[in-house]
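In this note's numbering, the protein residues as written are 25 to 162.
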């Protein structure tokens with residue numbers, strides 16, 4: 025089969041676009057992938073996850089399609105209880121960036137770039153204790 029000479033630049037461009045699309049589809053694939061269960065809180069645009077049994081707090085990023093179900097339930101629970109920062113028990117998977125990059129508010133131990141999130145329950149089970157972080161002077 026002979027390819028017309030005028031088609032070669034088009035094929036080259038299509039190949040380049042294909043490679044670019046593949047690499048940009050998972051921008052955090054080079055980070056360690058993990059799954060974390062814990063207290064997920066969404067409040068005023070910030071999304072955090074405190075893993076079970078840990079004092080860590082992770083800043084959560086991800087698409088609306090991935091995070092909307094847990095975000096909506098966390099916000100609804102806060103409104104129903106009339107108290108801010110009421111979380112839900114969730115499982116979030118994705119690339120974990122530690123230490124967090126610039127631009128992340130101070131006080132977070134990492135950024136979890138969510139590729140999947142699942143609401144597990146409205147309340148933490150007894151097996152999941154969200155440990156309070158250490159405070160200065162404690």
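Glycine included, each C-beta is placed from N, C-alpha and C at the ideal position.
When rounded, the separation of the alpha-carbon atoms in residue 125 and residue 114 is 24 Å.
In terms of Cβ geometry, residue 56 and residue 144 do not form a close pair [threshold 9 Å]. Exclusion of the five residues before and after residue 67 leaves 108, 109 as the residues of its chain whose Cβ lies within less than 6 Å of its Cβ. Following the DSSP letters along the chain, one finds residue 53 in no beta strand (DSSP E), marked with neither H nor E.
Minimum Cα-Cα distance from residue 142 among the listed residues 92, 99, 81, 76 corresponds to 92.
When C-alpha distances from residue 69 are compared across 62, 98, 122, 76, the shortest belongs to 98.
When secondary structure is reduced to three states using DSSP, residue 100 falls in the helix class. The Cβ atoms of residue 72 and residue 84 sit closer than 9 Å to each other. Under the DSSP assignment, residue 118 falls in the beta strand (DSSP E) whose first and last residues are 112 to 121.
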